[in-house]
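Just so we're aligned, residue 1016 is where the sequence shown starts under my numbering, counting upward by one.
Beta carbons are placed, not taken as given, at the ideal position from N, Cα and C, and that holds for glycine.
None of the values given here were measured: they were computed from a predicted structure.
Here the structure is laid out as structure tokens; the discussion comes afterwards.
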Amino acid sequence: MRLVIDTNIFIISLIGKGSPKLMDWMADKKFKILFSNESYSELIEVLKRPKFNKLFTEKKILELLELLDVIMEKVKIRTNTDICRDKKDNFLLNLSKDGKADYLITEDLDLLEIKEFNKTKIVKYKEFIKLVFIEK
């Protein structure tokens, strides 16, 4: 299963507030976590925000990025969509399409209102857990 995970879900998981399974998925071969230069850059930018300084040292951020380089699949973006109300979120739709993602997992309401984009279902984290793990 191919997944695009919005930065907000990564951050929630890393600070231990609600997404404990995410880190397990990254090691699980049945899930492929997709990222692009833009999603990678956004994650770095968010991790370096002053409000996270106590949680993420420069060394910790580098270790995380090295891990992500190994376990995630980098996707070259060719699509340039412009359908999201919040234009800065279009890169996640582009990644979903070019990476042939099954799901885009986010808490962003602008993305969630789209519901599906090019066969990628756009869902909240808890909805994804329910769909994939509970309703089997």
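Closest Cα partner of residue i within the set the options
i: G1114; options: F1143, V1090, I1027; result: V1090
i: Y1118; options: N1105, V1147, K1069; result: V1147
i: N1068; options: L1108, L1083, K1102, I1026; result: I1026
i: K1139; options: F1046, K1102, I1024; result: I1024
i: I1020; options: T1096, L1083, K1102, E1073; result: L1083
i: F1050; options: R1017, E1122, D1101, K1145; result: R1017
i: K1134; options: L1108, P1065, I1030; result: L1108
Buried versus exposed, by CB contacts within 10 Å (16 or more), residue i
i: N1105; result: buried
i: E1057; result: buried
i: N1095; result: exposed
i: T1022; result: buried
i: I1120; result: buried
Distance between beta carbons of residue j and residue i, contact taken as under 8 Å
i: S1054; j: L1127; result: Rounded, the Cβ-Cβ distance is 17 Å, inconsistent with contact.
i: K1112; j: F1132; result: 7 Å
i: D1125; j: R1100; result: 5 Å
(request) Please go through the region 1037 to 1112 and give each complete alpha helix (DSSP H) segment of 4 or more residues, from N-terminal end onward. (result) Within the region 1037 to 1112, complete alpha helix (DSSP H) segments of at least 4 residues are found at 1052 to 1062, 1073 to 1086, given in chain order.
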